[in-house]
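Each step along the sequence shown adds one to the number in numbering that gives the first Met the number 0, with nothing skipped, and position 82 is 81.
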Amino acid sequence: MKPLPIVESYWVEEGQLLAGEYPAGYDAETSRRRLEAFLEAGIRTFINLTQPHELPAYEGILKDLAQVYDVELLHRRFAIRDHSVPSSQTMTEILDAIDESIQNGSPAYVHCWGGVGRTGMVVGCYLVRKGFEPEEALRRVADLYQTRVKIQAYFLPTSPETPEQFDFVRNWWEDAPSGRRPRYCEG
């Protein structure tokens with residue numbers, strides 16, 4: 000098993016897609032140390048699901064580390080309000096960004112603040128895209144989430160977090176390998 004850069008993360012697809020909490024810290028030194036661990040684990044793309052005002056930005060540190068490590072790093076933000084769900088179009092854009100990153104040999108890290116609600120929902124939809132039935136995808140997300148070390152005082156027992164996020168995965172559809180028919184309706 001490929002090592003984890005931080006204990007609050009898990010491999011969805013080993014060496015290709017990692018998911019978890021906010022990758023930086025609340026000060027520059029901690030942020031740099033944590034982000035270096037991601038680079039050492041091979042991560043080259045950061046898919047950020049937080050809103051700009053939620054947490055300290057880390058893009059500047061990534062830019063510096065890209066020069067130090069002589070690698071190309073990409074940061075993409077797809078802001079989803081905490082405890083909420085995105086539009087179907089935004090979810091498709093997120094999943095396309097993950098797939099594009101992996102196809103280009105640039106392992107991706109998808110995260111929100113705690114790595115629970117928004118992250119679990121995206122991972123669930125990603126698994127549905129890869130051919131999992133929705134309930135199977137949600138079980139897989141739950142199993143992966145439970146591998147995290149429970150060091151947070153507020154550790155939540157499930158991922159995704161809200162009923163709306165679970166339902167979003169249950170109703171997610173695309174032209175998936177499973178041949179599922181469209182069921183999600185925005186209204």
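Every residue gets a Cβ at the ideal spot worked out from N, C-alpha and C, and that includes glycine. Being a predicted model, the structure only gives us computed values, none of them experimental.
Could you spell out where the beta strand (DSSP E) holding residue 37 opens and where it closes? Looking at the DSSP string, residue 37 is not in any beta strand (DSSP E); the run it does join, the alpha helix (DSSP H), is 27-39.
Pop quiz: residue 45 and residue 74 are said to be a contact at Cβ under 8 Å. What is the actual Cβ separation, rounded to whole angstroms? 5 Å
How big is the Cα-Cα spacing for residue 9 and residue 124? 16 Å
C-alpha gap between residue 115 and residue 66, whole angstroms: 31 Å
Considering just the uninterrupted stretch of the beta strand (DSSP E) at residue 8, what are its terminal residues? 8-12
What does DSSP give as the partner residues of residue 110 in its beta bridges? 19 and 47
Please report the Cβ distance between residue 48 and residue 122, rounded to the nearest whole angstrom; I am assuming they are in contact, meaning their Cβ atoms lie under 8 Å. Contact flag wrong, Cβ pair sits at about 11 Å.
With DSSP as the reference, label residue 73 as helix, strand or coil. strand
C-alpha distance - residue 180 paired with residue 171, whole-angstrom precision: For residue 180, the pLDDT reaches just 46, beneath the cut-off of 50, and the residue's location in the model is therefore unreliable, although a value from the coordinates is still provided. Whole-angstrom Cα-Cα distance: 10 Å.
Do residue 34 and residue 27 have their C-beta atoms closer together than 8 Å? no
Using the C-alpha atoms, what's the distance from residue 133 back to residue 164? 12 Å
Rounded C-alpha distance that separates residue 137 from residue 25: 31 Å
Looking only at its own chain, which residues have a Cβ that is under 8 Å from the Cβ of residue 14, when we skip the five neighbours before and after it? 1, 41 and 106
Sequence-distant residues of the same chain with beta carbon closer than 6 Å to residue 160, five excluded per side: 115 and 116
Under 8 Å by Cβ, that's how I've got residue 31 and residue 71 pegged, so tell me the actual separation to the nearest angstrom. At roughly 18 Å, the Cβ-Cβ gap does not stay under 8 Å, so residue 31 and residue 71 are not in contact.
Whole-angstrom Cβ separation of residue 119 and residue 83, contact assumed at under 8 Å? No, residue 119 and residue 83 are not in contact; Cβ-Cβ is about 13 Å, not under 8 Å.
8 Å contact criterion, which residue 3 and residue 97 should meet: CB distance rounded: Their Cβ separation, rounded to whole angstroms, is 18 Å, which puts residue 3 and residue 97 out of contact at 8 Å.
Considering only C-alpha positions, which residue in the set 167, 127, 56 and 144 is nearest to residue 156? 144
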